[in-house]
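There are 4 protein chains.
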Amino acid sequence: MHPSTEVERNTRVIQTFFKMAAQKGLTGIEVPIEWGGSSASFQCKTLIAEILAEADFGFAMSVINTHNVISNIVHWKDLKADGVLARLVAYLLSAEKIACTALTEPHAGSDFSSISTMATVDGSGWRLEGEKSWIINASVADVILVYVQTQSGAGASGIAAFLVEADRPGFIRNEQFGSQATSSLGTSSFKLDGYLAHAEDLIHPAGTAFKRALHSINGARTYVAAMCCGMVSECLSVAAQYGAKRQAFGVMLHDHQGWRWRLADAAIDLDAAKLMVQAAALAIDQDQKVVDQAAKAKVFATRMAVKHIAELLHAMGANGLSDIYPFVRHLSAAQIATLTDGSTEMLLERISQSQRQRH
Amino acid sequence: MHPSTEVERNTRVIQTFFKMAAQKGLTGIEVPIEWGGSSASFQCKTLIAEILAEADFGFAMSVINTHNVISNIVHWKDLKADGVLARLVAYLLSAEKIACTALTEPHAGSDFSSISTMATVDGSGWRLEGEKSWIINASVADVILVYVQTQSGAGASGIAAFLVEADRPGFIRNEQFGSQATSSLGTSSFKLDGYLAHAEDLIHPAGTAFKRALHSINGARTYVAAMCCGMVSECLSVAAQYGAKRQAFGVMLHDHQGWRWRLADAAIDLDAAKLMVQAAALAIDQDQKVVDQAAKAKVFATRMAVKHIAELLHAMGANGLSDIYPFVRHLSAAQIATLTDGSTEMLLERISQSQRQRH
Amino acid sequence: MHPSTEVERNTRVIQTFFKMAAQKGLTGIEVPIEWGGSSASFQCKTLIAEILAEADFGFAMSVINTHNVISNIVHWKDLKADGVLARLVAYLLSAEKIACTALTEPHAGSDFSSISTMATVDGSGWRLEGEKSWIINASVADVILVYVQTQSGAGASGIAAFLVEADRPGFIRNEQFGSQATSSLGTSSFKLDGYLAHAEDLIHPAGTAFKRALHSINGARTYVAAMCCGMVSECLSVAAQYGAKRQAFGVMLHDHQGWRWRLADAAIDLDAAKLMVQAAALAIDQDQKVVDQAAKAKVFATRMAVKHIAELLHAMGANGLSDIYPFVRHLSAAQIATLTDGSTEMLLERISQSQRQRH
Amino acid sequence: MHPSTEVERNTRVIQTFFKMAAQKGLTGIEVPIEWGGSSASFQCKTLIAEILAEADFGFAMSVINTHNVISNIVHWKDLKADGVLARLVAYLLSAEKIACTALTEPHAGSDFSSISTMATVDGSGWRLEGEKSWIINASVADVILVYVQTQSGAGASGIAAFLVEADRPGFIRNEQFGSQATSSLGTSSFKLDGYLAHAEDLIHPAGTAFKRALHSINGARTYVAAMCCGMVSECLSVAAQYGAKRQAFGVMLHDHQGWRWRLADAAIDLDAAKLMVQAAALAIDQDQKVVDQAAKAKVFATRMAVKHIAELLHAMGANGLSDIYPFVRHLSAAQIATLTDGSTEMLLERISQSQRQRH
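Residue numbers (numbering that gives the first Met the number 0), protein chains in the order written: chain A, 0 to 358; chain U, 0 to 358; chain H, 0 to 358; chain L, 0 to 358.
#1: Does any residue of chain H have a CB that is nearer than 8 angstroms to the CB of Lys210 (chain L)?
#2: Contact check, Lys44 (chain L) vs Ile267 (chain H) under 8 angstroms by CB: the rounded distance?
#3: Check the Cβ-Cβ distances between Gln22 (chain A) and every residue of chain L, and say whether any is below 8 angstroms.
#4: Consider the C-beta atom of Ile202 (chain U) and the heavy atoms of the ligand ZN; say whether any pair is separated by less than 7 angstroms.
#5: Closer than 8 angstroms, CB to CB, is Val62 (chain U) near chain H or not?
#6: With a cut-off of 8 angstroms, do at least 3 Cβ pairs link the region 227-234 of chain A to the region 75-92 of chain A?
#7: Just to confirm before moving on: does the CB-CB distance between Ile202 (chain L) and Leu262 (chain L) stay below 8 angstroms?
#8: Can you tell me which of the three DSSP states Arg167 (chain A) falls into?
#9: Buried or exposed for Ile13 (chain A), please, with buried defined as at least 16 other CB atoms from any protein chain shown within 10 angstroms of its CB.
#10: Of the choices A:Met315, A:Asp55, A:Ala98 and A:Ala118, whose alpha-carbon is the least far from that of Thr337 (chain L)?
#11: Shorter than 8 angstroms from the beta carbon of Gln356 (chain U) to some beta carbon of chain H?
#12: In angstroms with no decimal places, state the Cα-to-Cα distance between Thr207 (chain A) and Ala160 (chain A).
#13: If you reduce the DSSP assignment to three classes, tell me which class Met251 (chain L) lands in.
#14: List, in chain order, every chain A residue whose beta-carbon is nearer than 7 angstroms to that of Gly316 (chain H).
#15: Just the C-alpha distance for Lys271 (chain U) and Leu252 (chain U), rounded to the nearest angstrom, thanks.
#16: Could you name the residues of chain U that Trp133 (chain H) contacts, counting a contact when the two beta carbons are closer than 8 angstroms?
#17: On the criterion of 16 or more Cβ atoms from any shown chain inside 10 Å, does Met19 (chain H) qualify as buried, or is it exposed?
#18: Under 8 angstroms, with one C-beta from each stretch per pair, do the region 87-103 of chain A and the region 141-159 of chain A reach the 3-pair mark?
#19: Indicate whether the contact test is met: 3 or more Cβ pairs, each with one atom in the region 273-284 of chain A and one in the region 218-229 of chain A, closer than 8 angstroms.
#20: Is Thr343 (chain L) closer than 8 angstroms to Ile135 (chain L) when the C-beta atoms are compared?
#21: Are three or more beta carbon pairs between the region 88-95 of chain H and the region 64-73 of chain H nearer than 8 angstroms?
#22: Enumerate in chain order the residues of its own chain whose CB-to-CB distance from Met275 (chain H) is below 6 angstroms, with the five nearest sequence positions on each side excluded.
#23: In chain order, which beta strand (DSSP E) runs of at least 3 residues are fully inside the region 113-156 of chain L?
#24: Put Ala196 (chain L) into one of helix, strand or coil per three-state DSSP.
#25: Do you know how far the Cα of Ser40 (chain A) is from the Cα of Glu53 (chain L)?
#26: Between which residues of its own chain and Lys273 (chain U) is the CB-CB distance below 6 angstroms, once the five residues before and five after are set aside?
#27: Going straight from the alpha carbon of Ile28 (chain H) to that of Ser138 (chain H), what length do you get?
#28: Which residues bound the beta strand (DSSP E) around Ser201 (chain U)?
#29: So who's on the other strand from Lys190 (chain L), going by DSSP bridges?
#30: Identify each residue in the region 243-266 of chain A for which the Cβ-Cβ distance to at least one residue of chain H is less than 7 angstroms, and report them in chain order.
#31: Which chain H residues are close to Ser236 (chain L), counting only those with a beta carbon under 9 angstroms from its beta carbon?
#32: Taking the alpha carbon of Phe326 (chain U) as the reference point, which residue from U:Ile308, U:Ala317 and U:Phe58 has its own alpha carbon closest?
#33: Check the Cβ of Phe299 (chain U) against every Cβ in chain A and list those closer than 7 angstroms, keeping chain order.
#34: At a Cβ cut of 8 angstroms, what residues of the region 287-311 of chain A count as close to chain L, listed as they run along the chain?
#35: Which same chain residues, not among the five before or five after Gly242 (chain H), have their C-beta less than 8 angstroms away from its C-beta?
#36: Among residues of its own chain, excluding the 5 on either side of Val83 (chain U), which ones have a beta-carbon nearer than 6 angstroms to its beta-carbon?
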């Protein structure tokens, strides 16, 4: 029921869960039917992200990240049915392989255009050099969509993205990021030391990569917000059930007004967050501008999660700290969510810009 | 543009605005077309409430309250085209007369079923005795829908509602509630001292009044929430314009990160509140159960308004306190909104009940 | 008991209260005994400010401001027992005259060194030209300590301060600042149009005024914080008494857990604010550096007041809005307190500077 | 520098640290000089608790808990220099043995008087039966001061306290409480299954134990509050140093206004918490009533810690999650602090009682 605890102990178990998810089609939500997906909407993807995160944020991220790499390949490459990429897509869809996306570097967190991992032409292919860090899923990923700079000093216009395979020479995976808090996320870093990419590994050429990344980041912000909703929803449900069974001072927890108002407060803000996620997801499906809406949904939902998961943990008493409940795990994940795919600070700047333009 | 300041000084001006609103059909939004209204949706009414409250909460309440009394009459009474009630409806629709609804009493705030204003049969009509207080709009209303108890000790089942006209004997209007904060709302109290109501003045007989009031209160909670959105929206807009013109320490206010984040925070929560209002209004139009949803929308929107109007006032510096801006006036109104049509405490109890039933 | 409501209606009443305060020595707290004061400590002054503000922030400000002008005169001028200034001091001590201090100008709020009111030498005296705005107490003050620039473009080093008397030519008092919220403070603005100051009216010459003002502002921040404590203390006391008498849903308000926790939350933060004020006041009496401490006390106490006065108002239900209670009045005053003598934003910058120097 | 990470991996290391602490006299702060302690004040103990918690809350708790058991023995027992207890005291003072106190049971969290672990007379000694849970330090403690019921149904008056040694028959230590969050605290549970206590193991007889526990709990609340100050202080210091070195968008973190205000906010509330701790500690040393003051200090300091450690973690970006920094560890500890020695809810009730008595 809560895969992540298992995940942390046993990579085999995660693979089992992953394959179950793949069999249910969760790696192919937005992938066209002809390539083995469901051609489903972004709203559908958001809902799945929310439900998966009820169980575990890290697992939800793994599934959605793998999905996104598939989606990038089939959307932007002219696949041949028997080609190398088509075979890779099949592996990813069936969860034989796990994928993720790598933008962040040790010295370039939120400031994406300043990345320094370099790709230089090398024969018919490319030579990749650099380091990526804080990459969710990178501790287990077989395939990584890596953003690089192709032209020193070119900034946004020189950025491109390559598929990198972890079992090829020049890929050096670092030890998992040293924190219990992030362990269920498989957050890790890696070095590219003379990694040779083939020409067809270039998914987004310079001139297109930055723009496409910015476009897809609105989606990411929206489903991360949805995941926060899923985590709070699960915590609220666990606490509500606990409050109907556990007594304090001779009455059920739920019969203490202060106790039940704590849950009511969480329920109110959770509803608000869900509506913001739904509105942003609908706008994405309708191809509207969503920079502002997705930013607002993410700031609201992540703040809501950090606040209310901590409050609901406290509502459980010391039991809230036990590993048999999801509170500690979800709380760490919520903190990560405030940083991933645009930190709260960066998003407040985006929202301020929209605000200023409007007046 | 900001009627209330005028309202406070001059009753004639409010009548002018009121008639303008009536001419635009705002007193007849949900009233059937055959009775001179627009047969519009509740969603439409909510939107109008929001826009009116951008200018003034008290004025918005006056218009909507008048509308609601008309709506009660045409919905629940078998009107004859040339009857007394039809004539009254016409007066109200054209804003010749202003109306409001009176539930609260000096010693019965949120606990509606314990009201003690009595109606006893007197000949072919009824004799009304008692006192109502904190009634929004009562300082100017000509027609008041008054909730009474028909049978001492009967509680909810004995409650009925009568139309009371302020110019008939036995209606004694008290001085306006002594607070600058509530002055634009025309909040007042009145006594019924042997007021004789005709048989046809009985709009909701005992056995139906309480239930109908509970039904309509979900609507009221939703449009009060909408009004809070309107007030915050106006404050945000004023502050944003101010920040683009006023300097501090050599740069525009907007160029101070702390300053613009204050506005971004307000914009985020305002969006959330609007979505909650829209969702509740849609559910009302679709005849779904909305007790929980309307309660959540009101708690969220009123808290949001109290918090962010104060923050936006502060963003204006000392100018925020000036009467040429709406901050002080809207902030008082937001505090009133936390109490009217179900206090935050009462709504938290409702939300807790739904929460408990679900688990 | 609550002078300000009276103050708003009747200037005579304020004079009565003022004279009562003067008779009790409140205009001479820190003034040396030989000049008719008490030679008391700053801690004592802070405590008096707190107690006066329980009744009314505006009245507290009037008394303390008058006190401060006296204190400036006797501290920095070589008084002759039968001189003009000594006579003025006597008038101020006995509250025959009311005083205040004027720094702020229409376009120079928090940025004190950029004031543009000019003083130019004129014969044996000075000619003053300019405008001051948002001056607490200026609507009633007879004597004003006005900060001016003596040398265009000189910034801080050119600033000086003169005593200005409201009944002399060239002093033009504007109408009271147009806001109900600030009316009990007598906040107003005035113009100096060719006002001729005598040589002895120069209290702080250029080169000393800015520094002395910065020094005294730490005291002002501390007693404004104390006044916020006084207001919250009074609101808490009123609410606690109300909760022991008023029922809701068949039990005393105090018997609702949510209700009494609201008061407990206020009591906790009030204690914290009081300790911060006491610590800063002690440090001032001990001549320690208090920039950081006074800034922290003011930010904490003003935030505390804005938050908890609003919460305690709500705890009273609709009665909280009535003018017979201090909530609405104290809430407006608390908002003013966040702006006066260094806005929250400016103080956060000061605190950040100390923080940075420490690490 | 950060013992706990080591603690989690290696029990030997904790023993080394423990012995270092003992050598510096930290196990004997309040213990009389004739018994090998320092006869220092409670204020001194509070300060030490704060400093130890900068490094690790769990380690601070271990040292202080051991200290408290020693203090209980020497204070309440008539020690003979060559007796069994005197030898035990020597072992504890030198950290050869670690101690803790056990009140909580699986079904009696905050409601202390309802504990059900029983002590029945058995020959010249006592037979102990029952289970204790969520006991901080119990996973490593050699000596435990266990609170028991001596007379079924007697409630508070029947409660007594015995010294229990972990290496004697009938003491069954359960596995450490299953949560990463609590691992540095050594939180655990144990069973007493026919444990035979000697007559001299009875430290607090029935009739005195409950009262003495209530007395000492005010001290515990105060030093737990102090520990929260220590943890926030350390996080603030780490973040401030980081902000002076790390860049984002081309400037130092500290040069972003939103970033540095986050630290300023933490610094303000930290100062307030420290003053509340100091005031409560002084009152304890002066033998004043401190129930209300200690409760307020604990509620304020624990809320402050939960809020600001999370905010400061976020200020570090993804690095805040790394185990080389104390944020994740301190945040978990702060959550535990909200529950131990009186949950926030229970303390709000205490504060409400004082509030009510005062008015």
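For glycine and all other residues, C-beta sits at the position ideal for the given N, C-alpha and C.
This is what the structure holds:
#1: Residue numbering aside, residue 210 (chain L) sits at position 211 when the fourth sequence is read from its first letter. No, its Cβ sits nowhere closer than 8 angstroms to a Cβ of chain H.
#2: Position 45 of the fourth sequence, counted from the start, is the residue given in the question as residue 44 (chain L). Position 268 of the third sequence, counted from the start, is the residue given in the question as residue 267 (chain H). That pair is no contact at about 23 angstroms.
#3: Walking along the first sequence from the start, residue 22 (chain A) turns up at place 23. Taking CB atoms only, Gln22 (chain A) has no neighbour in chain L less than 8 angstroms away.
#4: Summarising the ligand content, the structure contains no ligands, and the ligand ZN is consequently not present.
#5: The count along the second sequence starts at 1 and reaches residue 62 (chain U) at position 63. Under the 8 angstroms criterion on CB atoms, Val62 (chain U) is classed as non-interfacial with respect to chain H.
#6: At 8 angstroms Cβ cutoff, the stretches do not touch.
#7: As a working mapping, residue 202 (chain L) is identified with position 203 in the fourth sequence. As a working mapping, residue 262 (chain L) is identified with position 263 in the fourth sequence. Between Ile202 (chain L) and Leu262 (chain L), the C-beta gap is not smaller than 8 angstroms, which leaves the two residues out of contact.
#8: Taking the first residue of the first sequence as position 1, residue 167 (chain A) is located at position 168. It is coil, neither helix nor strand.
#9: Residue 13 (chain A) sits at position 14 when you count from the first residue of the first sequence. By the Cβ neighbour-count rule, Ile13 (chain A) is buried, with 16 or more other Cβ atoms within 10 Å of its own.
#10: Taking the fourth sequence and counting its residues from 1, the one referred to as residue 337 (chain L) is at position 338. Taking only the C-alpha atoms, the option nearest Thr337 (chain L) is A:Met315.
#11: If you number the second sequence from 1, residue 356 (chain U) lands on position 357. Chain H, which has no Cβ nearer than 8 angstroms to the Cβ of Gln356 (chain U), makes this no.
#12: By one-based count along the first sequence, residue 207 (chain A) stands at place 208. By one-based count along the first sequence, residue 160 (chain A) stands at place 161. Going from the Cα of Thr207 (chain A) to the Cα of Ala160 (chain A) covers about 9 angstroms.
#13: Here the question's residue 251 (chain L) lines up with position 252 in the fourth sequence. Residue state for Met251 (chain L) is assigned as strand, using DSSP reduced to three classes.
#14: Looking up residue 316 (chain H) in the third sequence gives position 317. What Gly316 (chain H) touches in chain A: nothing, since even the nearest Cβ is about 17 angstroms away.
#15: If you number the second sequence from 1, residue 271 (chain U) lands on position 272. If you number the second sequence from 1, residue 252 (chain U) lands on position 253. In the sequence under discussion, the amino acid at residue 271 (chain U) is Ala, which differs from the Lys named in the question. Distance between the alpha carbons of Ala271 (chain U) and Leu252 (chain U): 26 angstroms.
#16: The residue you call residue 133 (chain H) lines up with position 134 of the third sequence. Around Trp133 (chain H), the beta-carbon contacts reaching into chain U at under 8 angstroms are Ala317.
#17: Counting from 1 along the third sequence, the entry for residue 19 (chain H) is found at position 20. It is exposed - the Cβ of Met19 (chain H) has fewer than 16 other Cβ atoms within 10 Å.
#18: Short answer: they touch.
#19: The region 273-284 of chain A vs the region 218-229 of chain A: in contact.
#20: The count along the fourth sequence starts at 1 and reaches residue 135 (chain L) at position 136. The count along the fourth sequence starts at 1 and reaches residue 343 (chain L) at position 344. Not closer than 8 angstroms, so no.
#21: Flag = yes, the region 88-95 of chain H and the region 64-73 of chain H touch.
#22: For the purposes of this step, residue 275 (chain H) is taken as residue 276 along the third sequence, with counting starting at 1. Residues of the same chain with a CB within less than 6 angstroms of the CB of Met275 (chain H), apart from the 5 flanking positions on each side, are Ala296 and Phe299 in chain order.
#23: Note on the region 113-156 of chain L: whole beta strand (DSSP E) runs with a minimum of 3 residues are 117-121, 124-134 and 142-148, in chain order.
#24: As a first step, residue 196 (chain L) is located in the fourth sequence; it is residue number 197 there, counting from the start. The answer is strand: DSSP assigns Ala196 (chain L) an E or B state.
#25: Within the fourth sequence, the letter at position 54 stands for residue 53 (chain L). Within the first sequence, the letter at position 41 stands for residue 40 (chain A). Cα to Cα, Glu53 (chain L) sits roughly 50 angstroms from Ser40 (chain A).
#26: On the second sequence, residue 273 (chain U) is found 274 positions in, with the first residue counted as 1. Cys228, listed in sequence order.
#27: On the third sequence, position 29 is the one that residue 28 (chain H) refers to. On the third sequence, position 139 is the one that residue 138 (chain H) refers to. Ile28 (chain H) and Ser138 (chain H): Cα-Cα distance of roughly 24 angstroms.
#28: Along the second sequence, read from residue 1 onward, the residue named residue 201 (chain U) stands at position 202. The question names Ser, but residue 201 (chain U) in the sequence shown is Leu. Annotation: the continuous beta strand (DSSP E) that includes Leu201 (chain U) extends over Leu201 to His203.
#29: Locating residue 190 (chain L) in the fourth sequence gives position 191, counting from the first residue. Partner(s): L:Glu130 and L:Ile171.
#30: So the list reads His255, Gln256, Gly257 and Trp260, given in the order they occur along the chain.
#31: Numbered from 1 along the fourth sequence, position 237 holds the residue referred to as residue 236 (chain L). Ordered by position in chain H, the residues that pass the 9 angstroms Cβ test against Ser236 (chain L) are Arg357 and His358.
#32: To locate residue 326 (chain U), count along the second sequence from 1; it is residue 327. Nearest of U:Ile308, U:Ala317 and U:Phe58 to Phe326 (chain U), Cα basis: U:Ile308.
#33: In the second sequence, the residue the question calls residue 299 (chain U) occupies position 300. Correct list: Ile267 and Ala271.
#34: Cβ contacts with chain L come from Val305 and Ala309.
#35: If you number the third sequence from 1, residue 242 (chain H) lands on position 243. Contacts found: Met251, Leu252, His253, Trp258, Arg259, Leu262 and Ala314.
#36: For the purposes of this step, residue 83 (chain U) is taken as residue 84 along the second sequence, with counting starting at 1. Annotation for Val83 (chain U): no residue places its beta carbon closer than 6 angstroms to its own, counting only its chain and skipping 5 residues before and after.
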